[in-house]
Each structure stands twice: as C-alpha cells, then as structure tokens.
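Report on one structure; see the data block that follows.
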Amino acid sequence: MTLAQERCDASVSAIDGTKNAAPIEQEMLSVERAVLESDTKSIRKVQQAFQDDDEMASVLTMATLICEGDYADVIRLPQAQKLLQSVVQLRIENQDNEDEDMHICGSIALALQSYLLDQCDSPESRLVAAYRVMFLGIALLNMYVQANYTGPAFEKETIRDVLDLTAILVTRSTGSSDKKSHSDALVSLQVDGESPFSICEYPQFLLIGRCLLDFVGNHAFNDWSVAANEIVHGQNDNEVSDDVVEGPTERHITGGAAIRALGELLEQIRSAAWWNARAAVAHERLLLSKQPSNTLWFEARRGYIQTLKTNELFAFEKTTQYLHVRAYVEWGLAQHHFDKNKHGKATFARAKEISGVSVQLTGSMGKRTKFQQRSVAQMVLLAASKIEPANTDEETSVYAAAAAVSTHVDFGGKQIAGEGEVGNGATSPAVTPTDSLTTEVEQIQKLVQEGEASYRNVNLDQVDQDNYLLESTAFEDRKLTKQGNLQIVDQIVLLGLCLDVKNSNANDGLTREEMMPYVTRVLENPNNWMVYSTALLERAWLECESSKRRERAVLQMQALVDQHTTRLTITQNTLQSIVDSAPARERMQFVYSLAFPPRYALKRGLAERYFKLGVLGSAVNICEELEMWDDVVKCYQILDKPMRAEKLVRERLEIAPTPFMWVTLGDLTQDPSHYETSWTLSKQRFARAKRSLGRYYFENGDHEAAIVHYEDAVRVGPMHTGAWFTLGAIAMRVHRWSLAMRAFTRVVQLEPDNGEAWGNLGSIHMHNKRYGEAFAVLEEALKQKRHMWQMWENYALCAMETKRYGEAMYAIHQLLDMRTKHKRPVDIEMLAWLVEAIVYPESLQAMQQKADTEAGGIEQAATDEDEVERIDCDDDDDDLTELDEVAAATDKTPPRSDSRYKKQLAMLFGRVTSIVTNDAKVWEVYAHFNNGIEGRAEKARDCRLKQCRALQAAGWEREQQKVKDLCLAASRLAQDYLAEGTKKALYSCRLYIRGVLKKAQMDFADLEAVKSLIAALDEVNAREAQLEMIQ
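For the record, in the sequence shown the residue sitting at position 1001 is 1003 according to this note's numbering, with numbers rising by one throughout.
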C-alpha cells in the first residue's frame, strides 16, 4: 500500500474526470451482456462504432474471443500481454516492500492498482484497462472450467505460452516448472484451512483468474485469504435479508482519494460482481472438504445479491428476461453448493416465474417394460416455454440440429424409425444390424467394446441384450411422449427445479420418482451439449438407486467422465470431429447455470457408487487417481489391509509431506504427534488436524484438552457443523453451559434442520431454569426429530412449567405411541401434576404461592391466579362420560388442543390405564382425578379398588412398607364406600377390609396404618348397624 499511497496525490486530479467515461460505460454495458450470453453479434455492432479507437478495439476483440471460446487467444493479444507483463514487473519491484506473508491476491491487487493509477492517464483509459483486467480474468476462469468441467481437454503444447506466463505470475520467477506453479497455486487456493483437489487441471488458471476478478468485482472487500469467522449479524444465513450485502470481511480502504475514486470507477463494471461470484463458486467446488467454506459463501452471496440488484444488466430484456433467469438459477445453485438448500427453493421458484415456463407434474397411464400388457399410472411432467423456440437458427450447434434429423443416437437424437424401432422410437447402436454399418462405424463399435471409445448416451439395450425395460415410459397419450421443444433457459430451470425436489425431500424412492420426470422432459430435446450432459448425469444419479438400471447408470457416468478427454465415440471417429461437434463455445455457454460437476468430482461420485456396490477395486483405483487418500485408506481398511494403507501414506509423505497426509497417518496410527505436525506444517490453518486432536483426547477421556483443540478447529473452520456439535456435547459433559449454548447455537444457524442440536439447546435452557425458551427451542427440535422420545419428555416438562397443559398431555400421548422404543414407565408425577393443575387449581395455587412468597415472588403468584381462573372455567364436567373408555379402545394420540383440559385428561387416563393395568400409583392418581369431577364418584371408587388390588402382589403381607401402603389405600377406599352409604357398598367394604386385616395383623398388628384400617372397619360396622336399625 505504501507505493500506491505515494501516488495518490498525483493521481487525484486525473481520476476526478471519471464522469467522462460515461459514454464508454454505456457502450460497454451491452458488451458485458453479450459476454454473459456468448452473443458475438452484439459485440460486432459495438466494434463498428469504435473502429478508430485502438484501446476499445482491443477490449472488444477480447470480448469477441471469449464469446467464441478462444480463451487462450485472449491472453495472447498484445494489450493483454502488456498488462500481465506490467503486473509481473510491478510485483517483482514491490517484493521487498510487501509483507512476507502477503497473499498473491493482495499482491496482484496492489500491482493492478499501481498500473491503473500510473500507466493510464485518463478516466476513459482507466475504465478500458479495468475491462481488460476483467476479460483476462474471465478468459483464465473459463480455461480452468473448460479443462475441468466441460472439455475438450487442452493439449499442453498448444497453450505452452499461457502456462509459462501464469507460472511467472504464480511463482514470481521465470524458471518455474508446471509442477511448481501447480503446487504453489493449490497452496494459494486453500480457504479456511481446507485444501483443494490436487488432481485438478491447471489450478493456476483459476488462481490468476480469481485474483483479477476479485480486483474488479470484490474491490471493497478482503480476498479469500482473510477468513470470515462470523455469520452476518449472528443470524441464520437463510434468514438474512437480501438487502444485507456486507459480510464480516469488509476491506478498510485507506490510501487517499485516488484509491477510493478507483473503487468507484470499478463499480461501473456492472457484471464484475457476477463473474467474481461465479469464480468463488468454482473455487468452493474445488475444495476437498464436504463442508462449505464460510469465507467463499460470503463472497459468492455478496456477488449474486449485488448482481440481482443491478437492474441495468437486465433492463434491455423486454420479453424474455432470460439473462435475469440465469442469474436467479445461478444464485440458487450457489445456495445448493453451499448447503443453503431451504433458501434456494424460493430462488428457483423466482427463476421459473421470470422465465414464464409452465410446469405441471401430473400422472398418466403408461407402460415401462416391453412386455407389459396393462398400463398403470405414471408420473409425467408437462412443460412448455412461454415463447416456443425457433426450429432453425444459424447459431444452433450441429448437436442441436441432430435432434431433428438425425443419426446421433449417442447424443440422444432421434434416429429415423425403421424395422428396428424400440420403445420410444430410437434404435440403439448396440442392436443395429451389422450389415447396415459402414466400415468406420464397425471399427468404432469395436473400439467401444475394447474400451478405447465410449458412447455418450448409454442405452439400456447396450448394457444388457436381454433388457426388458423401455428406454422411456410409453404413455397411452402419445402427445406426452412428444411434447414441444423448450427454450434452453427453460430446460435449465427444469434442472434447477429437479435439484430443488431432491434438496427439499427425504432421499427415498418417492423423491426419485418425482425427480425423474424433470430429467426425462429435458432429455426429450437435446438443444445444448452441456444441458444434455447434465440431464444424463442426473438420470444416472437417480438410476444408481435402482437395481435394474444401476449398471447403465455407472456406465453412463463413466461415459460422461470420458467426454472431457479426446476419446472417440460412435459419431466422433476423429479427434477433430470431437472439437467440431461440440466446440468450447457451446460447452461453455451455460455451464455456470448448471450443476454439472468438475471431472474430479464426477470421478469421486463414480468412486462412491462403486464403493456402495462393493466394487472396491475400482473404487480404490479412482480414489488413488484423484489422490483422495482418506477414501483409499477406508477401502484398504474394509479389505482388511491396514498395513498396506499405512505404507501408502508413508510413501506419499516421502514424496510430498502435506498436512492432509500427516492427519491421515495420525488416523491410521492413532499417534497425536502426527496431528500436531500437520497443524504446524499448515501454519495453524488446517482445521482437520485440530478436529482430529480433539476427537483423540475426547475418546481418551481428557475433555478439557479436547475442548481446547475443538475451539481452535472452529476458529479456523467456522462452517464445520460437526466440530461445533462435538464441542457443544463435550462442554455439556463438563458443565460449561455458556460454551455449550454458543456451540449448539452456531450449529442450528449453519444447519437449521439439525434436530439433535435444537434438542441440546433445549436441555441447556432447562438446566438454566429458562423453561419458556426451552419450550420454543424444543418445538423446533421436534419438527426435525419427532421420533426421539427424550425430546418429548423434556417437551412435556417445559409445557408443564409454562402452564401449556394441552401440549404436555399431547407429549405424553406421543411417549405412549413410542413405548416400544423406550420401555420407560409412565411419568406418574407428571400425571399427578396435571390433576392438581387442572382439577384442583386452588390447591396448586396455594402451594405455588407459598413457594413464591418464600422466594419473594408475589407478582408471579398473582399471574398464576389469573391462569388458574382461566383453566378452571375451561371445561364443563357434564360431558366427560365414557371419554376414558373411548381413549382406551382406540389407543391413538388425539389432536392437540389448548382448551377443555379435563376432557383431554380423562382421555389420557383412559389410555394410560389400558396400557398400565397393575400400577397402584397410576390408579391412585386416576382416582384423585375422578374425585374432583362431579358425577364420577363411582369411577373414583373403582380406581381405588384397582389400586388396592395392584398393591396385593404375592407376599405383600411379609413386607412392612407394602402392608402400610395397602392399609392406607384400603382406609381411603373405605371412605368412598362410606360416602356412598348403601347396604351393598358397606357389605362389600366390610368383606374386603376383613380380608386385608386378616393377613396384615399376622406380623404387623402394631403398625399405625393397620390400626387406622381397624378403625375404618369399626366405622363401617357401625354404619351397617345403623342401617339395620332404620329398617
């Protein structure tokens, strides 16, 4: 910054003329749109207007080459070479003045800043140079994406000059090898302590592209080398308003008016934030960790929200709004890649609304197998574009045209129907008669069988000659099989909606059935090479779960992996034909609007499916190729070859001692020193090393040491929900409640559907006697984990403490539903509490008021009095008859309610006593309930009698406590009989008490309870004598 600050005063006057750049800004806005849409025609119109302006002409040439897919030629342009060489020179000059630990992105930003301030003498030239920087960044980003996502693969010798230049930029030296620049780029691309895939192609292109795009599109904020440790305003990311675009990584710009004015000039490039957001998403998808990066999330989020608020980019679209649709689809995909799926749902819905595509998921009668006789209901997606696409267009690729004419069966195009027509009218190359094949095609088929070539679209008949499944559903209504063509953007929206179905539902068969119609509808119209590839891949993902289609799915994924390379296919029998049939321009046109993974991630998915299928040999081979040593070790452990795994890791450490490999060795040997070595080697940035140390000490019982390591881990990697959860769990064990609260709060912010974290938060609130907060938290927990009985127990307690008695009874019913899982007894104290609160509220109020008075809580007692009055007036006693018997017969949870508590309690007792028939305390509480309800005295007496019988277990007369309990219960039963006062009741009472006393007096005649029962018998005898005298 020092050099730039020295230039500030001299540059202020020049930068103040920024307003003169307005005409260029207006013209370049249309060029920005054209680059986003790969629209060469629009750029040519602008070129005609600036024929005599050499600077503008060079920028427009860069834009044209980007649209045509000639990204390397962009970097070869003289003006581009001049800019990049200046950056190299400035970095070398500034090397002594820079901080030793300065990240390459900051270093290149300083060099670009100096270049724009010193070597551009007017606002117009400065703006043009800024566009040049952005287009160079786009070209390098697209080269990385082409090499890793779409293909065709680059031949190194054809881009040798570009590789040499980027190597100098990455390493700041002229003699660096490709291997050196590759490894240095991977180090610079580490984020939040997480490493990238080392097997990726040309990470130096992504690194330099990121640096250039970060400068123009993220100028006011720190780059990814500065970790974003906090969530915006401490809220859940999915709930933060879209108006909030600042994250915790805002850059403090110092250095004078010139630099601030330069930032304002860069803001005139409207699409810069969009391109930088695209680069941030590509960066995230490069990382090995499955936990998203917090830092990259803020960067991508900021860029997309800023883009969607930039109305100038979309104002030119009067009827279609397709660019606006793509912006929303990309924003939804970004939320998907960063695990913000719930928020992505609304984004995809907005994209559908703007595009105007009509989508209806419905059903129709059809068949799925060749020999099926009777049609059954099948799901089908009816979709139609708002504006039907034209049949022909000079911009249409040869693959899109193939859909109408064609023989491109490997692409999914429709072959001319003939005698070999099968299922949906397409003839599989595998069943084409041999005598109709040319010599070339026969040779290609031979190469396919030998593994030297591959089919792009793998048909079921190719996989299995005895296949009986139709390639697609044969509907009785043939219109459903051949719906109209769709706009490419509408197909992209359908793929986004398909992804949303997956994100919004459980991973089960029904979800997959709902997703398949979306994919099938896209496959009907192969309009774009990359869109079609994505649909093929999504179909393969879905079919991997089907035993009948799994083999085709795995082969299809392998074919999609192969298409990155120069392997031959049935219709592409020369290397040139591969490039011509699907040029980079077409492959790249919509790649940022699709969920198609990079080649290394696609291979990882293939390895995971091999792993699930038990094909461990193939899985190991792919994992070794991808240098996914964790998974290689896992496979060897499953194969019972731990020594082979350790040997492999030690061999890799001799080649390249990375933090990741040291952690892997620590996992194998359980030696914590290896984790410490990893942490030190990563310069305290590799969070997994600390997580592994924390887990090691936790498993060995050293909780305090584990907490220290997990706190370090979440500081470096704050988006790892597992680390936060474990930290919270350990903190609860050692009673560090505030730390546990903070940890679980962070978990639910990052993962709102984590029911266990919500439940633990509720437990912490309960420990702190904050029952209101605990109740609210447990409500959320039970939305996610309804079948955890522990949560229902806590929920019931919180409901009682907060006087939500209806919710408490509903929770007890749920516990009864799950009684086969937990085998726990009915909570009798809770039932007694409910009886006191609902039937005898004055008694409960008196007890609470006494306790509150002792604690100084007079005001709370007054509040409770109001609550008691409300509860007491809720029910009438007239309508409780037989409710308990009905509940016992149905044994189902009734609907939850916050009124008529007595009726709910009667139903609850009926259900409880039908399940628990021999628990004396249950019958005692039930009797107490009935005593408080008018007209249920006989029911109360029956409950007392069942209580006594439950107490008369075998051998009761030999245990003093059991004798005492039974005598007290019998004395209370006698009061009920005396209250009835009939001769029959007194006779029954006398007989029962005499039977109890006969056994009780044998060993415990002097017991006070026995004497009380004798007195009760005397009273019964006296009452009987009175009745006889009256008669």
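Glycine included, every Cβ here is placed at the ideal spot set by N, Cα and C.
Worksheet entry | Bridge partners - V361, DSSP secondary structure assignment | On the sequence shown, residue 361 is found 359 positions in, with the first residue counted as 1. Bridge partners of V361: A385.
Worksheet item: Could you give the distance in angstroms between the alpha-carbon of A542 and the alpha-carbon of E553?
Response: Numbered from 1 along the sequence shown, position 540 holds the residue referred to as residue 542. Numbered from 1 along the sequence shown, position 551 holds the residue referred to as residue 553. Rounded to the nearest angstrom, the two C-alpha atoms are 10 Å apart.
Worksheet item: Looking only at C-alpha atoms, which of Q192, L288 and D123 sits nearest to Y146?
Response: Here residue 146 refers to the residue found at position 144 of the sequence shown. Closest option to Y146, Cα to Cα, is L288.
Worksheet item: Hey, Q786 and D819: beta-carbon distance below 7 Å or not?
Response: Looking up residue 786 in the sequence shown gives position 784. Looking up residue 819 in the sequence shown gives position 817. Not a contact, by the Cβ cut-off of 7 Å.
Worksheet item: Quick one, are the C-beta atoms of L608 and M559 less than 7 Å apart?
Response: Looking up residue 608 in the sequence shown gives position 606. Looking up residue 559 in the sequence shown gives position 557. Yes, Cβ-Cβ distance for L608 and M559 is below 7 Å.
Practice prompt. Please classify D967: is it buried, with 16 or more other beta-carbons within 10 angstroms of its beta-carbon, or exposed?
Written response: Along the sequence shown, one-based indexing puts residue 967 at 965. Buried, because 16 or more other Cβ atoms sit within 10 Å of the Cβ of D967.
Discussion item. Quick check: the Cα distance between Q237 and Q751, rounded to an integer number of angstroms?
Written reply: In the sequence shown, the residue the question calls residue 237 occupies position 235. In the sequence shown, the residue the question calls residue 751 occupies position 749. Only weak support exists for where Q237 lies, its pLDDT of 41 falling under 50; the value from the coordinates is given anyway. Cα-Cα distance, rounded: 7 Å.
Worksheet entry | alpha helix (DSSP H) segment containing V634, residue limits | Counted from its first residue, the sequence shown places residue 634 at position 632. Following the DSSP letters along the chain, one finds V634 inside the alpha helix (DSSP H) bounded by residues W631 to I640.
Worksheet item: Distance, Cα to Cα, L363 vs W835?
Response: As a position in the sequence shown, residue 363 is number 361, starting the count at 1. As a position in the sequence shown, residue 835 is number 833, starting the count at 1. So the two alpha carbons sit approximately 51 Å from each other.
Worksheet item: Does DSSP put V193 in a helix, in a strand, or in coil?
Response: Your numbering for residue 193 matches position 191 in the sequence shown. Correct three-state label for V193: strand.
Worksheet item: Helix or strand or just coil, what does DSSP make of G415?
Response: Here residue 415 refers to the residue found at position 413 of the sequence shown. Below a pLDDT of 50, predicted positions are generally treated as unreliable, and G415, at 34, falls in that range; the measurement from the model is reported next regardless. Note: G415 maps to coil in three-state DSSP.
Worksheet item: Start and end of the alpha helix (DSSP H) containing S2?
Response: Because the chain spans 3 through 1033 in this model, residue 2 falls outside it and cannot be assessed.
Discussion item. Our contact map puts L112 next to N96 with C-beta atoms below 8 Å; I'd like the distance itself, whole angstroms only.
Written reply: Taking the first residue of the sequence shown as position 1, residue 112 is located at position 110. Taking the first residue of the sequence shown as position 1, residue 96 is located at position 94. So it is a contact: roughly 6 Å between Cβ atoms.
Practice prompt. Report the rounded CA-to-CA distance for E102 versus A745, giving the unit in angstroms.
Written response: In the sequence shown, residue 102 corresponds to position 100, counting from 1. In the sequence shown, residue 745 corresponds to position 743, counting from 1. Spanning the two alpha carbons is a distance of roughly 35 Å.
Worksheet item: If you count every other CB in all the chains shown that lies within 10 Å of the CB of E452, and 16 or more means buried, which is it?
Response: Within the sequence shown, numbered from 1, the residue matching residue 452 stands at position 450. Low local confidence applies: a pLDDT of 48 at E452 is under 50, so the model's placement there is unreliable, with the coordinate-based value given in what follows. The residue in question, E452, is exposed, as its Cβ has fewer than 16 Cβ neighbours within 10 Å.
Discussion item. Give me, in chain order, the residues of the same chain whose beta-carbon lies closer than 8 Å to that of V837; leave out the 5 immediate sequence neighbours on both sides.
Written reply: Taking the sequence shown and counting its residues from 1, one reaches residue 837 at position 835. Hits under 8 Å: L907, V927, H930, F931 and G934.
Item to complete: Classify K416 as buried or exposed, calling it buried when 16 or more other Cβ atoms lie within 10 Å of its own Cβ.
Response: Position 414 of the sequence shown, counted from the first residue, corresponds to residue 416. Low local confidence applies: a pLDDT of 35 at K416 is under 50, so the model's placement there is unreliable, and no value is given.
Discussion item. Using only CA atoms, which one of R738, F350 and D341 lies nearest to E332?
Written reply: Translated into positions along the sequence shown, residue 332 becomes position 330. For the residues R738, F350 and D341, the minimum Cα distance to E332 belongs to F350.
Worksheet item: Buried or exposed: which applies to H737, given that a residue is buried once 16 or more other Cβ atoms fall within 10 Å of its Cβ?
Response: Looking up residue 737 in the sequence shown gives position 735. Exposed, since its Cβ has fewer than 16 Cβ neighbours within 10 Å.
Worksheet item: Can you tell me whether I94 is buried or exposed, with buried defined as 16 or more other CB within 10 angstroms of its CB?
Response: Mapped onto the sequence shown, residue 94 falls at position 92. With fewer than 16 Cβ atoms within 10 Å of its Cβ, I94 is classed as exposed.
Item to complete: Spatial neighbours of R606 within its chain, please: CB distance less than 7 Å, with the 5 preceding and 5 following residues excluded, ordered by chain position.
Response: As a working note, residue 606 is residue 604 in the sequence shown. Cβ within range, chain order: L628 and M630.
Fill in: Assumed close pair L667, R652 - CB separation to whole angstroms, cut-off 8 Å
Mapped onto the sequence shown, residue 667 falls at position 665. Mapped onto the sequence shown, residue 652 falls at position 650. Confirmed, about 7 Å.
Worksheet item: To the nearest angstrom, how far is it from the Cα of A675 to the Cα of A222?
Response: Against the sequence shown, residue 675 aligns to sequence position 673. Against the sequence shown, residue 222 aligns to sequence position 220. What sits at residue 675 in the sequence shown is Ser, not Ala. The straight-line gap from Cα to Cα measures roughly 41 Å.
Discussion item. Here's a check: name, in chain order, each residue in its chain whose Cβ is nearer than 7 Å to the Cβ of Q1028, leaving out the five neighbours to either side.
Written reply: Position 1026 of the sequence shown, counted from the start, is the residue given in the question as residue 1028. Cβ neighbours of Q1028 beyond the five flanking positions: none.
Worksheet entry | Q672 classed as buried or exposed, judged by whether at least 16 other C-beta atoms fall within 10 angstroms | For this step, residue 672 is matched to residue 670 along the sequence shown. The residue in question, Q672, is exposed, as its Cβ has fewer than 16 Cβ neighbours within 10 Å.
Worksheet item: Going by other Cβ atoms of all chains shown within 10 Å of its Cβ, with 16 needed for buried, is N770 buried or exposed?
Response: Sequence index remark: in the sequence shown, residue 770 carries index 768 (1-based). Exposed is the call here.
Worksheet item: Count the other CB atoms within 10 Å of the CB of V378; is the residue buried (16 or more) or exposed (fewer)?
Response: Numbered from its first residue, the sequence shown carries residue 378 at position 376. Its Cβ having fewer than 16 others within 10 Å, V378 is exposed.
Worksheet item: Quick one: Cα of Q792 to Cα of A778, how far?
Response: Locating residue 792 in the sequence shown gives position 790, where the first residue counts as 1. Locating residue 778 in the sequence shown gives position 776, where the first residue counts as 1. Rounded to the nearest angstrom, the two C-alpha atoms are 16 Å apart.
Practice prompt. Would you mind sorting A981 into buried or exposed? The rule is 16 or more other CB atoms within 10 Å of its CB.
Written response: Translated into positions along the sequence shown, residue 981 becomes position 979. With fewer than 16 other beta carbons inside 10 angstroms of its own, A981 counts as exposed.
Item to complete: Report buried or exposed for H722, applying the criterion of at least 16 other Cβ atoms within 10 angstroms of its Cβ.
Response: Within the sequence shown, residue 722 is the residue found at index 720, counting from 1. Classification for H722: buried.
Worksheet item: Who are the near neighbours of L369 in its chain, counting only those whose CB is closer than 6 Å to its CB and skipping five residues on each side?
Response: Position 367 of the sequence shown, counting from 1, holds the residue named residue 369. According to the sequence provided, residue 369 is Lys. The question's Leu does not apply to it. These residues qualify, in order along the chain: S377 and A476.
Worksheet item: Within 10 angstroms of its Cβ, does M1004 collect 16 or more other Cβ (buried), or is it exposed?
Response: Residue numbering aside, residue 1004 sits at position 1002 when the sequence shown is read from its first letter. That one is exposed.
Discussion item. If contact is defined by three or more beta carbon pairs under 8 Å, each pair taking one atom from either stretch, is the stretch 265 to 279 in contact with the stretch 179 to 199?
Written reply: Contact fails: fewer than three Cβ-Cβ distances are below 8 Å.
Item to complete: Could you tell me the distance, in whole angstroms, from the CA atom of M381 to the CA atom of R938?
Response: As a working mapping, residue 381 is identified with position 379 in the sequence shown. As a working mapping, residue 938 is identified with position 936 in the sequence shown. In this model, M381 and R938 are separated by some 57 Å (Cα to Cα).
Practice prompt. Tell me, to the nearest whole angstrom, how far the beta carbon of V533 is from that of I494; I am working on the premise that it is less than 8 Å.
Written response: Taking the first residue of the sequence shown as 1, we reach residue 533 at position 531. Taking the first residue of the sequence shown as 1, we reach residue 494 at position 492. Right, the Cβ-Cβ distance comes to about 6 Å (below 8 Å), so this counts as a contact.
Fill in: CA-to-CA distance, E29 to F52, given in whole angstroms
Numbered from its first residue, the sequence shown carries residue 52 at position 50. Numbered from its first residue, the sequence shown carries residue 29 at position 27. Between the alpha carbons of F52 and E29 lies a distance of about 10 Å.
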